[in-house]
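Some notes on the structure that comes next.
In my numbering, the protein residues as written are 320 to 575.
Structure representation (C-alpha cells):
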C-alpha cells in the first residue's frame, strides 16, 4: 500500500531524508521513530504530498505521488501533529466540511459522521462549538475527519498527543481493529511505549538515515541483546555520524 523507493530530500545543504527505502503492506501498523530532526516529519509530508522528494519515488496504493497525486490522495487519511480546526464551527459542521472536501456523496455523509462519532465516542459533543472542546476532544475530531472516507491508508504524525489514557486506549484498539480489516497505518511518534505496544514494524531514523528497519522482537531475538525499544532506540541514535548500525530485511509483501 505504501512504498518509498530510494527517497532523498534536502533543505539547502542539509539532508533531511537520505535514500529511504521501505514498504508498508495492507493491514500493517508501521511506526517511524527518531530523535528531533531525524527526518520523520519530512518523510510524512512527502508521503501525503505536501513536499516533493529530490530523488526517488513514493507510491500509495499503486499511485505515484509525482504523477498521480490526486488518486493517491483519495487513498489517504492524514492526521498532522498540529491540526487546524475552525473554532466557530460545531464538530458536526466540521465533519460535514471535511466530507465535502473529500467528495463524499451527500446521501452518505450523515451515516459516515454517525459511524465515526460512534467510533470516537463523540455523539454527545457533535453539535457543540469546537472552541469548547478539550485538546483531547479536538484530537478525536481530527481522527474522525480523517476516517470519514474509509481510506485504505492512514498517516498519523504523533497520534497520542493530548489524549488521556482512556482515549489512548480507544485509539489503539481502533487502529488494531482497522488494521485487521486491511488498513495500513503509517505513524510517527516520540512515545516509544506506544510504538512497542501496537506497531508491527518500526523504522528508526537518525540524521535522515535508516538505522533499523524491522520488528522489535526480531532485533531482540536475533540481532541485539536489548531489553526494550527504548534501549534499542538510544543505542542506535548514538551511532557515529548517523551511519546505519542495524538494518533488518523487510517483509516480502509486494505493493499492489
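Beta carbons: idealized from backbone N, C-alpha and C, even for Gly.
Tell me whether the beta-carbon of residue i lies closer than 8 angstroms to the beta-carbon of residue j.
i	j	result
residue 336	residue 321	no
residue 383	residue 374	no
residue 407	residue 352	no
residue 391	residue 380	yes
residue 421	residue 468	yes
residue 513	residue 479	yes
residue 482	residue 458	yes
residue 524	residue 358	yes
residue 334	residue 527	yes
Judging by CA-CA distance, which residue of the options is the nearest neighbour of residue i?
i	options	result
residue 339	330, 332, 349, 325	325
residue 471	451, 485, 498, 479	498
residue 417	462, 547, 450	462
residue 401	460, 387, 435	460
residue 477	507, 433, 523, 404	507
residue 535	516, 527, 529, 528	516
residue 606	403, 530, 370	Any question about residue 606 goes unanswered here, given that the chain covers just 320 to 575.
residue 366	519, 510, 327	327
residue 466	423, 450, 487	423
With DSSP as the reference, label residue i as helix, strand or coil.
i	result
residue 383	strand
residue 492	helix
residue 549	helix
residue 411	helix
residue 556	coil
residue 562	Unreliable placement is indicated for residue 562, whose pLDDT of 47 sits below 50; the coordinate value is still reported in the next sentence. Coil.
residue 328	strand
residue 320	coil
residue 480	coil
residue 536	helix
Taking 7 angstroms as the cut-off, does the CB of residue i come closer than this to any heavy atom belonging to the ligand COA?
i	result
residue 426	The ligand COA is absent from the structure shown, which contains no ligand whatsoever.
Do the segment 343 to 356 and the segment 496 to 511 meet, that is, are 3 or more Cβ pairs less than 8 angstroms apart?
Verdict: yes, contact present.
Examine the Cβ distances between the segment 391 to 400 and the segment 442 to 454 and report whether three or more of them are shorter than 8 angstroms.
These segments do not touch.
Report the start-end ranges of each beta strand (DSSP E) in the segment 496 to 534 that is 3 residues or longer and not cut off at the edges.
Every unbroken stretch of the beta strand (DSSP E) spanning 3 or more residues and falling wholly within the segment 496 to 534 is given here in chain order: 503 to 507, 520 to 525, 528 to 533.
Ignoring anything shorter than 4 residues or poking outside the segment 431 to 474, list the alpha helix (DSSP H) runs there in chain order.
Runs of the alpha helix (DSSP H) spanning 4 or more residues and lying entirely within the segment 431 to 474 occur at 454 to 466, in chain order.
Ignoring anything shorter than 4 residues or poking outside the segment 351 to 408, list the alpha helix (DSSP H) runs there in chain order.
Secondary structure within the segment 351 to 408: the alpha helix (DSSP H) runs of 4 or more consecutive residues, fully enclosed, are 359 to 366, 388 to 393 (chain order).
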